[in-house]
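**Q** Okay, handing you the structure first.
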Amino acid sequence: MLIKTEMRIQETEVIGDIYCNVCGRKLKTDNHGYYEDFVHVEKHWGYTSEKDGTEECADICEQCWDKFTASFAIKSKKTA
Ligand SMILES: [Zn+2]
């Protein structure tokens with residue numbers, strides 16, 4: 403009897419410290435290890451951009467997000 407075996411290697415992403423890209427502050431975790439909420443932005447720039455093919459990502463804490471959105475001419479949409 404032939405037994406076929408297969409080896410699989412699984413990568414697990416371990417989340418380390420998260421820093422706000424705007425103010426540089428390390429995001430806090432609660433007693434259960436949950437991070438304070440933040441905005442994570444990922445952008446892959448397309449061919450109509452001068453950054454075509456570039457990928458960017460950033461994390462923004464709630465306080466910096468509030469300052470950022472307060473500067474918007476047209477306010478962001480919020481739901482309750
Ligand atoms: Zn911040």
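Take the numbering used here: the last position of the sequence shown gets the number 482, and nothing is skipped along the way.
The C-beta atom is built at its ideal place from N, Cα and C for all residues, glycine as well.
#1: Bridge partners for Val441 per DSSP, in chain order?
#2: Can you tell me which of Gly435, Val424, Ser451 puts its alpha carbon nearest to the alpha carbon of Cys466?
#3: Under a criterion of Cβ closer than 5 Å to any non-hydrogen atom of ligand 1, which residues qualify, in chain order?
#4: For Cys463, is the classification buried or exposed, using 16 other Cβ atoms within 10 angstroms of its Cβ as the cut-off for buried?
#5: In the DSSP assignment, what are the bridge partners of His446?
#6: Given that a residue counts as buried once 16 or more other Cβ atoms are within 10 Å of its Cβ, and exposed if not, what is Cys422?
#7: At the level of alpha carbons, what is the spacing between Asp454 and Thr431?
**A** In short:
#1: Answer by DSSP bridge pairing, in chain order: Ile462.
#2: Selected option, being the one with the closest Cα: Val424.
#3: With the cut-off at 5 Å, the residues found are Cys422, Val424, Cys425, Cys463, Cys466.
#4: Buried, since its Cβ has 16 or more Cβ neighbours within 10 Å.
#5: The partner list for His446 (beta bridge, DSSP) reads Glu457.
#6: Buried, since its Cβ has 16 or more Cβ neighbours within 10 Å.
#7: Rounded to whole angstroms, Asp454 to Thr431 spans 36 Å at the Cα level.
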